[in-house]
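Below: the structure, in structure tokens.
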Amino acid sequence: MFSRAFFRIVTLALLALLSQACTRKPEEIAMGSVKCSHCSMIIQDARFEAQAMTSRGRHLHFDSIECALSWAAQSGENEVSIWVRDFSRPEQWLTLEDQSSNYPTAILVRSPRLRSPMGAGIAAFGNPTDAKEAAGRLSGNVEEKSQIITFLKKEWAGANR
Ligand SMILES: [Zn+2]
């Protein structure tokens, strides 16, 4: 016979699952404590941090936007949410992929002078003025996500053999 404690645990687990299904939002991690799900480097710089959440509610953490996009391209996962940090206000999350998100849309800037962890030079901004200013200052460009993905595919075609 199942004990009352057992049912309590099952009920709590179900509630946890349900609440996870309803709230799709990034979770906070401590810098220097988690490895990137794509390249296994330690995530140390919040300005470039990215995070994905699968349709089943699994969170994946990345040290860079380039790693999140590369993972997304290879994962075969549908309906993922991807969030990235605002480079100029790292406490602010932005949406890179998710139609139902409550976060501002990420505007991507690419410049070789943005020293992102994997060297692709990609940062995100929540404010178009900030993005344009950074692109101008760093001799870079504001780019669409599709342009960035095309760039990454070319850039890493040799490295990821
Ligand atoms: Zn990485």
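One rule links them: number in the working numbering = place in the sequence shown (from 1) + 1.
Glycine residues also receive a C-beta, built at the ideal position from the N, C-alpha and C atoms.
For residue i, which residues of its own chain have a beta-carbon under 7 Å away from its beta-carbon, when the five flanking residues on both sides are left out?
i    : result
E67  : S117, M119, A121, I123 and L153
E156 : A121
Have a look at the DSSP bridge pairing and note the partners of residue i.
i    : result
N142 : R111
L61  : A53
E98  : I83
Can you tell me which of the options puts its alpha carbon nearest to the alpha carbon of residue i?
i    : options                  : result
S76  : I43, Q45 and S38         : S38
E92  : I108, D46 and L115       : D46
S112 : N103, E134 and E98       : E134
G33  : I10, L15, A53 and F63    : F63
G58  : P27, A51 and S41         : P27
A51  : T151, E80 and L97        : L97
K146 : D99, A158, G137 and N103 : D99
So, at 6 Å on beta carbons, what are the nonlocal neighbours of residue i in its own chain, with the 5 sequence-adjacent residues on each side left out?
i    : result
S65  : F49, S117, P118 and M119
D131 : S89
E144 : L109 and R111
R114 : L139
G141 : V110, R111 and S112
Indicate whether residue i and residue j have their beta-carbon atoms separated by less than 7 Å.
i    : j    : result
V85  : L70  : no
R25  : S82  : yes
I108 : F126 : yes
I30  : K36  : no
E61  : A73  : A small correction: the amino acid at residue 61 is Leu; Glu does not occupy that position in the sequence shown. Cβ distance not < 7 Å, so L61 and A73 don't count as in contact.
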